[in-house]
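K.L.:
Residue numbers (this note's numbering): -18 to 296.
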Amino acid sequence: MNILLTGATGFVGRALSQELLNRGFDLSVAVRRKTSIFSDKVKQFIVGDFSNEIDFSHSLDGIDVVIHLAGKAHVLDSKKASVLDEFQQINTNLTLNLATQAAISKVKRLIFISSIGVNGNSGHVAFTENDKPNPQEPYAISKYEAEVGLFELSKKTGLEVVIIRPPLVYGINAPGNFGRLINWASSKFLMPLPLGLVKNTRSLIALDNLVDFMITCMSHKKAPNEVFLISDGRDLSTTQLLRKIAKAFGREPYLLPIPVGFMVFMANLLGKKSDAIRLFSSLQVDSSKARDLLGWQPVVTTDEALKGIANEKRV
C-alpha cells in the first residue's frame, strides 16, 4: 500500500512515519523543504510553504491513502477575524484542496486528523460522535469546516474519508503543557505544584495508540465516511495525571492542596483563562465506536506509555 503523509516532520508525523516503515508500507511525504530526518526509503515531495494553492498532483501519483496531519495550530495575531481567516487558509482550504486533488488522482482514502475541539471545550458527560458539533475557538471552527467540506467532496467524488478527533496526545517530545510536565517530572528538583485538589476528568491518548489507530483506519472496510473519537480508555484528573507522570520517573510529587476556585480566580486575574480551562475543566470522550465498529483496542495503557516516556527521557 502506498501512503502519502503530510505533517510528517511534526510530533505525531515522525512517530507515524517510522511505524509505517516498520510495518512495510511504501511511504511518501509532502514537505515544505527537503529534510534529513527520513531514510532513503521515504520519497520526499517538496511543496514549499503551505497555502491553499499548492499543487499536490506530483506527490499523489500511485497513492492509495493520504494521511493529512499538516495544519496550523497557533496564530500570533490577536484580532479574532484575522485569526479565523489564517486558520481557515491552512486547516480548511488547504485540506479541501489536497482532498480534491486526491480524488482527481484516484486516491482511495483520505484520513484527516481533526480536533476534539469540534465537539467543544469541556462538558459534564463524555463526548460522542453523535453530538452536535460545538467548536468554540477559531482553530476548532476551521477543523470543523474542513470536516464538512470533506464529507461533501466524498459524496461527489467517491473519495473515502475518515475523520479522527483526538483529545490531548502525549508522548516523548510532546509540545505544549505535557512537554512541560515531563520536564517538571525529570528535573533535578521536583517543584511543588498547587494542583493537589483538582477533581476533573480528562481523556488522553498515547502517541502509540493514535498511530496504531490511524494505521487501522487506512485499510479497515468499516472506517470510511465515519468520525471517530479515541482515547486510551482511562480518564484521569489533572492531579492523578501529575502523580502518574512523577511515578513513571520514580518520583513522589508534592501537590499543594489549594482550592480550585481560588486557582481559577487567580488565573482569570492573570489573563490565563484558557490555561485554567485545560487544567481544571473536564473533557471526556467515549471511544466505544472505535472498539465496536473497528474492533480496535489501545496497544498501550497510560501507565505503560508514561513509563516508556520516562525511559526514553533518561537515555
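In this text, a Cβ means the ideal position worked out from N, Cα and C, and glycines have one as well.
For clarity, every value in this text was computed on a predicted model and none was experimentally measured.
#1: If you scan the segment 11 to 45 from start to end, which runs of the beta strand (DSSP E) of 3 or more residues do you find wholly inside it?
#2: Pairing CB atoms from the segment 162 to 181 with CB atoms from the segment 228 to 243, are three or more of them under 8 Å?
#3: Are the CB atoms of Ile(-16) and Leu8 within a distance shorter than 8 Å?
#4: Going by DSSP, which residues form a beta bridge with Asn(-17)?
#5: Compute the Euclidean distance between the alpha carbons of Gln265 and Asp256, then round it to the nearest angstrom.
#6: Between the segment 119 to 134 and the segment 180 to 193, do at least 3 Cβ pairs fall closer than 8 Å?
#7: I need the DSSP call for Ile186, collapsed to helix, strand or coil.
#8: Considering only the beta carbon of each residue, do Val(-7) and Ala11 sit closer than 8 Å?
#9: Let's test the definition: count the other Cβ atoms within 10 Å of the Cβ of Ala54 and tell me whether it reaches 16, buried, or not, exposed.
#10: Going by the DSSP bridge assignment, what does Phe230 pair with across the sheet?
#11: Return the first residue and the last residue of the alpha helix (DSSP H) that Leu260 is part of.
#12: Hey, how far is the Cα of Asp284 from the Cα of Lys137?
#13: Any idea if His105 is buried or exposed, counting beta-carbon neighbours within 10 angstroms, 16 or more meaning buried?
#14: Can you list, in chain order, the residues of its chain with a C-beta nearer than 6 Å to that of Leu65? Leave out the 5 residues immediately preceding and following it.
#15: With a Cβ-Cβ cutoff of 8 Å, do Pro173 and Tyr125 count as a contact?
#16: Rounded to whole angstroms, what's the CA-CA distance from Arg207 to Ala(-4)? Just pull it up for me.
#17: Does DSSP classify Glu118 as helix, strand or coil?
#18: From the DSSP output, in three-state form, read off Phe159 for me.
#19: Here's the rule I'm using: 16 or more other beta-carbon atoms within 10 Å means buried, otherwise exposed. How should Gly231 be labelled?
#20: With a Cβ-Cβ cutoff of 8 Å, do Ile290 and Ile186 count as a contact?
#21: Could you pull out every residue in the same chain whose Cβ sits closer than 7 Å to the Cβ of Val280, ignoring the five residues on either side in sequence?
#22: DSSP on Leu77, reduced to helix/strand/coil?
#23: Among Thr109, Ser103, Ala107 and His39, which residue has its Cα nearest to the Cα of Ser83?
#24: Span of the beta strand (DSSP E) holding Leu149?
#25: Here's the rule: buried if 16 or more other CB atoms are within 10 angstroms of the residue's CB, otherwise exposed. What is Ser17?
#26: Report all residues from its chain with a CB closer than 8 Å to the CB of Met203; omit the five preceding and five following residues, and keep chain order.
#27: Note down the Cα distance separating Ser268 from Leu77, rounded to an integer number of angstroms.
#28: Sort Met199, Ile97, Asp112 and Thr73 by Cα distance to Asp45 and report the nearest one.
#29: Reducing DSSP to helix, strand and coil, say where Arg224 ends up.
#30: What does DSSP give as the partner residue(s) for Leu217 in the beta ladder?
#31: How would you label Met195, buried or exposed, when you count the other beta carbons within 10 angstroms and need 16 or more for buried?
#32: Just the C-alpha distance for Phe93 and Val143, rounded to the nearest angstrom, thanks.
#33: Who are the near neighbours of Gln69 in its chain, counting only those whose CB is closer than 6 Å to its CB and skipping five residues on each side?
P.N.:
By the coordinates alone:
#1: 24 to 27
#2: yes
#3: Here the question's residue 8 lines up with position 27 in the sequence shown. Here the question's residue -16 lines up with position 3 in the sequence shown. It is a contact, given that the beta carbons lie within the stated cut-off.
#4: Here the question's residue -17 lines up with position 2 in the sequence shown. Per DSSP, Asp7.
#5: For the purposes of this step, residue 265 is taken as residue 284 along the sequence shown, with counting starting at 1. For the purposes of this step, residue 256 is taken as residue 275 along the sequence shown, with counting starting at 1. About 17 Å.
#6: no
#7: Locating residue 186 in the sequence shown gives position 205, counting from the first residue. Strand at Ile186.
#8: Mapped onto the sequence shown, residue -7 falls at position 12. Mapped onto the sequence shown, residue 11 falls at position 30. Cβ atoms of Val(-7) and Ala11: not closer than 8 Å.
#9: Counting from 1 along the sequence shown, the entry for residue 54 is found at position 73. Ala54 should be labelled exposed.
#10: Here residue 230 refers to the residue found at position 249 of the sequence shown. Per DSSP, none; premise fails for Phe230.
#11: Taking the first residue of the sequence shown as position 1, residue 260 is located at position 279. Its alpha helix (DSSP H) spans residues Lys254 to Phe261.
#12: In the sequence shown, counting from the first residue as 1, residue 284 sits at position 303. In the sequence shown, counting from the first residue as 1, residue 137 sits at position 156. Answer to the nearest angstrom: the Cα atoms are 44 Å apart.
#13: Taking the first residue of the sequence shown as 1, we reach residue 105 at position 124. Classification of His105: exposed, given that the 10 Å Cβ count is below 16.
#14: The count along the sequence shown starts at 1 and reaches residue 65 at position 84. Closer than 6 Å at Cβ, skipping near neighbours: Pro119.
#15: As a position in the sequence shown, residue 173 is number 192, starting the count at 1. As a position in the sequence shown, residue 125 is number 144, starting the count at 1. Their beta carbons are not under 8 Å apart, which means Pro173 does not touch Tyr125 by this criterion.
#16: On the sequence shown, position 226 is the one that residue 207 refers to. On the sequence shown, position 15 is the one that residue -4 refers to. Inspection of the sequence shows that residue 207 is occupied by Glu rather than by Arg. Taking the straight line joining both Cα atoms gives about 24 Å.
#17: What you label residue 118 is simply residue 137 of the sequence shown in a count that begins at 1. Note: Glu118 maps to coil in three-state DSSP.
#18: If you number the sequence shown from 1, residue 159 lands on position 178. Helix.
#19: Walking along the sequence shown from the start, residue 231 turns up at place 250. Under this definition Gly231 is an exposed residue.
#20: Position 309 of the sequence shown holds residue 290. Position 205 of the sequence shown holds residue 186. Not in contact: Ile290 and Ile186 (Cβ atoms no closer than 8 Å).
#21: Taking the sequence shown and counting its residues from 1, the one referred to as residue 280 is at position 299. So the list reads Asp189, Asn190 and Asp193, once near-sequence residues are dropped.
#22: For this step, residue 77 is matched to residue 96 along the sequence shown. Helix at Leu77.
#23: Here residue 83 refers to the residue found at position 102 of the sequence shown. The sequence given here places Ala at residue 83; Ser does not occur at that position. Residue His39 is the option with its Cα nearest to Ala83.
#24: Numbered from its first residue, the sequence shown carries residue 149 at position 168. Where Leu149 is concerned, the enclosing beta strand (DSSP E) stretches over Leu149 to Tyr151.
#25: Taking the sequence shown and counting its residues from 1, the one referred to as residue 17 is at position 36. When all chains shown are included, Ser17 counts as exposed.
#26: On the sequence shown, position 222 is the one that residue 203 refers to. Sequence inspection shows Lys at residue 203; the Met mentioned does not correspond to that position. Cβ within range, chain order: Leu274 and Leu275.
#27: The count along the sequence shown starts at 1 and reaches residue 268 at position 287. The count along the sequence shown starts at 1 and reaches residue 77 at position 96. Distance between the alpha carbons of Ser268 and Leu77: 26 Å.
#28: On the sequence shown, residue 45 is found 64 positions in, with the first residue counted as 1. Answer by Cα proximity: Met199.
#29: Here residue 224 corresponds to residue number 243 of the sequence shown, with the count starting at 1. Reduced to three states, the DSSP call for Arg224 is helix.
#30: Position 236 of the sequence shown, counting from 1, holds the residue named residue 217. The partner list for Leu217 (beta bridge, DSSP) reads Arg183.
#31: In the sequence shown, residue 195 corresponds to position 214, counting from 1. Label assigned to Met195: buried.
#32: Along the sequence shown, one-based indexing puts residue 93 at 112. Along the sequence shown, one-based indexing puts residue 143 at 162. Phe93 and Val143: Cα-Cα distance of roughly 6 Å.
#33: Residue mapping note: residue 69 aligns to position 88 of the sequence shown, counting from 1. Excluding sequence neighbours, Gln69 sits near Ser123.
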